[in-house]
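Residue numbers (the numbering used here): 1 to 137.
C-beta atoms are modelled at their ideal positions from N, C-alpha and C, and glycine is treated no differently.
Below: one structure, written as structure tokens.
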């Protein structure tokens, strides 16, 4: 199953992906940098900057690449410390853009995850957040 994350709310995509992966399906999430995180821009920037700069050398570390950022969100919706959660996480692949191997295949758009159908117009894309965190190109 291939999920196109362009102009979609990342949390709603992650719930669908986590559920399908727990049932044993292979999930590819494409266009991760175009997924949206809802909330006021000022608050989102402050919150992710706080998480990045919170201190220790031991972690937790916040991913700066959009594909890893989205996979971390999906991981939060899985029981990844159990065997079934680790297996499900291995079945999820996140991609920046569209890989050549997946271009010709049809994608799934999750209807209730579309950002244009929400009342909240305050959002940032995952790419913008990662650039603010210091994304390395």
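Cβ-based neighbour list, residue i, same chain, cut-off 8 Å, excluding 5 preceding and 5 following
| i | result |
| --- | --- |
| residue 110 | 3, 8, 12, 13 and 16 |
| residue 76 | 14 |
| residue 105 | 2 |
Cβ-Cβ separation, residue j to residue i (assumed contact under 8 Å), whole Å
| i | j | result |
| --- | --- | --- |
| residue 70 | residue 32 | 4 Å |
| residue 36 | residue 115 | 5 Å |
| residue 30 | residue 102 | 6 Å |
| residue 126 | residue 60 | 18 Å between Cβ atoms; not a contact. |
| residue 120 | residue 41 | No, residue 120 and residue 41 are not in contact; Cβ-Cβ is about 12 Å, not under 8 Å. |
Reference residue i, options the options, closest by Cα
| i | options | result |
| --- | --- | --- |
| residue 132 | 51, 78, 28 and 20 | 51 |
| residue 5 | 21, 43, 88 and 94 | 94 |
| residue 68 | 89, 105 and 83 | 89 |
| residue 1 | 121, 108 and 124 | 108 |
| residue 23 | 117, 122 and 79 | 79 |
| residue 118 | 39, 58, 21 and 84 | 39 |
Contact set for residue i: own chain, Cβ-Cβ below 6 Å, skip 5 residues either direction
| i | result |
| --- | --- |
| residue 128 | none |
| residue 72 | 63 |
| residue 135 | 64 |
| residue 18 | 74, 77 and 78 |
| residue 85 | 78 and 79 |
Close-in-space but distant-in-sequence residues of the same chain around residue i (CB under 7 Å, 5 per side omitted)
| i | result |
| --- | --- |
| residue 96 | 32, 33, 66 and 67 |
| residue 44 | 37, 124 and 129 |
| residue 98 | 30 and 31 |
| residue 10 | 35, 36, 37, 70, 73 and 126 |
| residue 112 | 12 |
Within the stretch 49-128, ranges of the alpha helix (DSSP H) (whole runs, at least 4 residues): 66-75 and 83-90
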